[in-house]
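Protein chains in written order, with our numbering: chain Y, 1081 to 1286; chain X, 1081 to 1286. Backbone N, C-alpha and C fix where the C-beta goes; we use that ideal spot for every residue, glycine too. The structure displayed is predicted, hence computed values, not measured ones.
2 protein chains.
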Amino acid sequence: MEQTIIPDIIVGRLPVYLNMLQHLSAENVQVASSKELGDLMGISAAQIRKDLSQFGEFGKQGRGYSVVYLISELQNILNLNQVWELAIVGAGSLGRAIANYPGFKHNCFKVSMLFDSDPKIIGSRIGEFVVKNPETMDFEIRNSGIKIAMLTLPASVAQETAEKLVNSGIIAILNYAPISLKLPNGIHVQYLNPVQNLQHMTYYLK
Amino acid sequence: MEQTIIPDIIVGRLPVYLNMLQHLSAENVQVASSKELGDLMGISAAQIRKDLSQFGEFGKQGRGYSVVYLISELQNILNLNQVWELAIVGAGSLGRAIANYPGFKHNCFKVSMLFDSDPKIIGSRIGEFVVKNPETMDFEIRNSGIKIAMLTLPASVAQETAEKLVNSGIIAILNYAPISLKLPNGIHVQYLNPVQNLQHMTYYLK
Chain Y
1081 MEQTIIPDII VGRLPVYLNM LQHLSAENVQ VASSKELGDL MGISAAQIRK
1131 DLSQFGEFGK QGRGYSVVYL ISELQNILNL NQVWELAIVG AGSLGRAIAN
1181 YPGFKHNCFK VSMLFDSDPK IIGSRIGEFV VKNPETMDFE IRNSGIKIAM
1231 LTLPASVAQE TAEKLVNSGI IAILNYAPIS LKLPNGIHVQ YLNPVQNLQH
1281 MTYYLK
Chain X
1081 MEQTIIPDII VGRLPVYLNM LQHLSAENVQ VASSKELGDL MGISAAQIRK
1131 DLSQFGEFGK QGRGYSVVYL ISELQNILNL NQVWELAIVG AGSLGRAIAN
1181 YPGFKHNCFK VSMLFDSDPK IIGSRIGEFV VKNPETMDFE IRNSGIKIAM
1231 LTLPASVAQE TAEKLVNSGI IAILNYAPIS LKLPNGIHVQ YLNPVQNLQH
1281 MTYYLK
């Protein structure tokens, strides 16, 4: 069967929809129309219907979407029917904050290991983690089968660390370091850089 | 003079271009073609040329862009010729990490105040900040003229806090709480939610 490639920008909106639906579900909302969802998220109803139609048919015209059903379908599409373990590389203040971020647990993610190259903290305990030596990264990551890493280290060492991670079997990186990573095709990278989000908004502030 | 409204998605790419150009400039690269930039960022040269052409003409066909000139033009467009002060609301581990994030200083942003509602830490010192009582928020923010706030607090209190911030004169919010905010038109909100970035990537991991 032929499979259409869905634009990545549409894929990127599914987690936003999922988050909103989970929020509605927590408030016991059972049915939501694309108009209601759009109003809540500040996007058009047509956009939501068009996005979702790329993945299947999830509701009957005029009936609205079943919140619980759409959550479960989106979780299927996004491969969230398993727990994804995460490795964090960089145990500075940001890495530590993220290691203890409570939002992962309820969303199929679990931080499993924390690396840092500072000899002063290797082996020490941070929350529930013992900081691991990056020299053991290849063994530890390969052995555990972890596929996703978060980079919370300075820009100056982000590229070389990302390459090591890829060589250890990592195929998805959430990068907090303020630098674009150059990695082989097939490796997925997402960036979290507060400066860029702020600069996006200052465009409008004058 | 008629001013065309430029799609927000294009505005959002300018900080990415700026970041890459600053990186090249730090490596003493003086001229970069749209193809070189595109290769570095994983987008097409045509996309870069089209995006930039919305804002003016920044290079001559076939000559490439002057890196320093394009940086300065993008900074103009994004209103980065001044220092933007920031208020952080929520002094938990994430708020603390962000308060001390070194990337702001070099990018026209400066954290100026840190609020938290926990009586145990109000008045205590965190890095260079003394944690302020949110009850003084309206006075403090109005008095300082701060326009941008970062929300690093639990989802359960994010909406009401965002409304208070808007009432205090805040017009741009960078929201780390995993919840969509409903705010009046004219208020700019950007979201940083690692779970959504991770879910975006798990779509491809099967």
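(message) Would Y:Tyr-1256 and Y:Leu-1231 qualify as a contact pair, given that the criterion is a beta-carbon distance under 8 Å?
(response) Position 176 of the first sequence holds residue 1256 of chain Y. Position 151 of the first sequence holds residue 1231 of chain Y. Closer than 8 Å, so yes.
(message) Can you tell me where the beta strand (DSSP E) holding X:Ala-1167 begins and where it ends?
(response) Start at 1 with the first residue of the second sequence, and residue 1167 of chain X comes out as number 87. 1164-1169 is the span of the beta strand (DSSP E), which, as asked, contains X:Ala-1167.
(request) For X:Pro-1087, decide whether its Cβ has a neighbour in chain Y, counting only Cβ atoms nearer than 8 Å. (result) Taking the second sequence and counting its residues from 1, one reaches residue 1087 of chain X at position 7. For X:Pro-1087, the answer is no, since every Cβ of chain Y falls outside 8 Å of its Cβ.
(request) Using a cut-off of 7 Å between C-beta atoms, extract the partners of X:Gln-1276 located in chain Y. (result) Indexing the second sequence from 1 puts residue 1276 of chain X at position 196. Residues of chain Y passing the Cβ test: Pro-1095, Val-1096 and Asn-1099.
(request) Within 10 angstroms of the Cβ of X:Glu-1082, are there 16 or more other Cβ atoms? Answer buried if so, exposed if not. (result) As a position in the second sequence, residue 1082 of chain X is number 2, starting the count at 1. Reliability of the predicted coordinates at X:Glu-1082 is poor, the pLDDT of 49 falling under 50, and the value obtained from them is presented with this limitation in mind. Exposed, since its Cβ has fewer than 16 Cβ neighbours within 10 Å.
(message) Tell me the residue span of the alpha helix (DSSP H) that contains Y:Gln-1270.
(response) In the first sequence, residue 1270 of chain Y corresponds to position 190, counting from 1. In the DSSP annotation of this structure, Y:Gln-1270 is not part of any alpha helix (DSSP H); the continuous beta strand (DSSP E) holding it starts and ends at 1268-1271.
(message) Strictly under 8 Å for the Cβ-Cβ distance: is X:Met-1081 near chain Y by that measure?
(response) Position 1 of the second sequence holds residue 1081 of chain X. Residue placement at X:Met-1081 cannot be trusted, given a pLDDT of 44 that sits under 50; what the coordinates show is reported in the next sentence. Judged by the 8 Å Cβ criterion, X:Met-1081 is not in contact with chain Y.
(message) Along the chain, where does the beta strand (DSSP E) containing X:Ile-1373 start, and where does it finish?
(response) Residue 1373 of chain X is absent from the structure shown; chain X starts at 1081 and stops at 1286.
(request) Locate the alpha helix (DSSP H) running through Y:Leu-1132, then write down its first and last residues. (result) If you number the first sequence from 1, residue 1132 of chain Y lands on position 52. Taken as a continuous stretch (DSSP letters only), the alpha helix (DSSP H) holding Y:Leu-1132 covers 1125-1133.
(message) Taking the beta carbon of X:Lys-1212 as the centre, do at least 16 other beta carbons fall within 10 Å, making it buried, or is it exposed?
(response) Sequence index remark: in the second sequence, residue 1212 of chain X carries index 132 (1-based). With 16 or more other Cβ atoms within 10 Å, it is buried.
(message) Quick check: the Cα distance between X:Lys-1190 and X:Val-1210, rounded to an integer number of angstroms?
(response) Counting from one through the second sequence, the residue named residue 1190 of chain X turns up at place 110. Counting from one through the second sequence, the residue named residue 1210 of chain X turns up at place 130. Those two C-alpha atoms are separated by around 15 Å.
(message) Is the beta carbon of X:Ala-1167 closer than 8 Å to that of X:Ser-1197?
(response) What you label residue 1197 of chain X is simply residue 117 of the second sequence in a count that begins at 1. What you label residue 1167 of chain X is simply residue 87 of the second sequence in a count that begins at 1. Not in contact: X:Ser-1197 and X:Ala-1167 (Cβ atoms no closer than 8 Å).
(request) Report all residues from its chain with a CB closer than 8 Å to the CB of X:Ser-1204; omit the five preceding and five following residues, and keep chain order. (result) Looking up residue 1204 of chain X in the second sequence gives position 124. Val-1210 and Val-1211.
(message) At a CB distance below 7 Å, what residues from the region 1182-1196 of chain Y approach chain X? Give them in sequence order.
(response) Gly-1183, Phe-1184, Asn-1187 and Phe-1189
(request) Please confirm whether Y:Val-1091 and X:His-1280 have their CB atoms less than 8 Å apart. (result) Position 11 of the first sequence, counting from 1, holds the residue named residue 1091 of chain Y. Position 200 of the second sequence, counting from 1, holds the residue named residue 1280 of chain X. Y:Val-1091 places its beta carbon less than 8 Å from that of X:His-1280.
(request) Please determine if the region 1215-1229 of chain X and the region 1145-1159 of chain X are in contact, where contact requires at least 3 C-beta pairs separated by less than 8 Å. (result) no
(message) Please confirm whether Y:Lys-1115 has its beta-carbon closer than 8 Å to some beta-carbon of chain X.
(response) For the purposes of this step, residue 1115 of chain Y is taken as residue 35 along the first sequence, with counting starting at 1. When Cβ-Cβ separations below 8 Å define contact, Y:Lys-1115 makes no contact with chain X.
(request) Tell me whether Y:Met-1081 sits in a helix, a strand or coil according to DSSP, three-state version. (result) In the first sequence, counting from the first residue as 1, residue 1081 of chain Y sits at position 1. Only weak support exists for where Y:Met-1081 lies, its pLDDT of 44 falling under 50; the coordinates are left without a value.
(request) Measure the Cβ-Cβ separation of Y:Val-1163 and Y:Leu-1245 and say whether it is below 8 Å. (result) Here residue 1163 of chain Y is taken as the residue at index 83 of the first sequence, counted from 1. Here residue 1245 of chain Y is taken as the residue at index 165 of the first sequence, counted from 1. No.
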